[in-house]
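J.: One structure, pasted below without further comment.
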Amino acid sequence: GGDACAEDVGERESGGWVDMDKGCEDGNPCTDDLCQPLGECAHVPNELPCPGGFCAGGECNDCESGPLYFADSHLEAAVAMAAGKPGEPLFSEDIEAMFELDATQQQVGDLGGMECLGSLVQFRAGKNSIVDMGPLAPLTALEYIKVEENQIGDLEALIGMTVLSYLDVSQNQLANIDILAGLNGLT
C-alpha cells in the first residue's frame, strides 16, 4: 500500500509491533511511532518529557500556556468540574488556585495530566482503577491523599511529599510500603 511504513518492511521483525526510526514518524514527541509487519503505522501515546512540559494522552502539556491535556477523560471531567468549566478546555489560569480535587468513583484509570495541578493540597480518587501514581510526584504541596480501592502497586511518587499528613491507600495492590517510613508528616 501507500503507507510510509511499508517502505521498510525488510528491516522489521516478523509479528507484533516494532520501533522504527523512519517511515512512521509523525513528529509528535508524545507518541511512539511503530510499524506493523504488514506496513501499517501506529502512534502510541507515551509519558515522556516534551518541549515546555510533559506528555499526557499523546499531547504535550505545557502547564504555563495550555491548553491542558489529561490522559483520562474521566479525570479531565473531574478537573473541569472542580474548575467550574465542565466540558470546556482548561488553561493554567483555570487551575492555578485549585487546592482540592475529588475524583472519587469517576472511573479514573490514568492520572496523566495532574502534573499541572501544582497548588493542589487535597486529592481524593478512591474507588477507581488507578495503577500509577507517578503523575502526582511533582505535587509536593499535597497534604491529603485518599486513593483507597484502586490498583496502585507502589508508592514511589510520594518520596518528595514532605508535607503529606494524611494518606489512605487501603485496598490497593501494594507489595511494599517501606517508603512510608520516610514520610515523617504522616500521622
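Just so you know, the sequence shown maps onto residues 533 to 719 in the numbering used here.
Heads up, the beta-carbon is just placed ideally off N, CA and C, and yes, glycines get one too.
Does the contact criterion of 3 or more C-beta pairs under 8 Å hold for the segment 631-643 versus the segment 657-668?
T.: yes
J.: Would you identify the three-state DSSP class for C648, choosing helix, strand or coil?
T.: Residue state, collapsed to three classes: helix.
J.: Considering D626, what are the terminal residues of the alpha helix (DSSP H) in which it resides?
T.: Start and end: 624-627.
J.: Quick check on DSSP: helix, strand or coil for L633?
T.: strand
J.: Pull up the distance between the alpha-carbon of D553 and that of P583, whole angstroms please.
T.: Only weak support is given to the placement of D553: the predicted model assigns it a pLDDT of 48, under 50, and the value that follows is read from those uncertain coordinates. Distance between the alpha carbons of D553 and P583 is about 20 Å.
J.: Using a threshold of 8 Å, state whether the C-beta atoms of V695 and A673 are closer than that.
T.: yes
J.: Look at the alpha carbon of A610 and the alpha carbon of I627, and state the distance between them as a whole number of angstroms.
T.: 12 Å
J.: Reducing DSSP to helix, strand and coil, say where P561 ends up.
T.: coil
J.: What residues are listed by DSSP as bridge partners for A574?
T.: L566
J.: Would DSSP call N708 helix, strand or coil?
T.: coil
J.: Per the DSSP calculation, L699 is bridged to which residue(s)?
T.: I677
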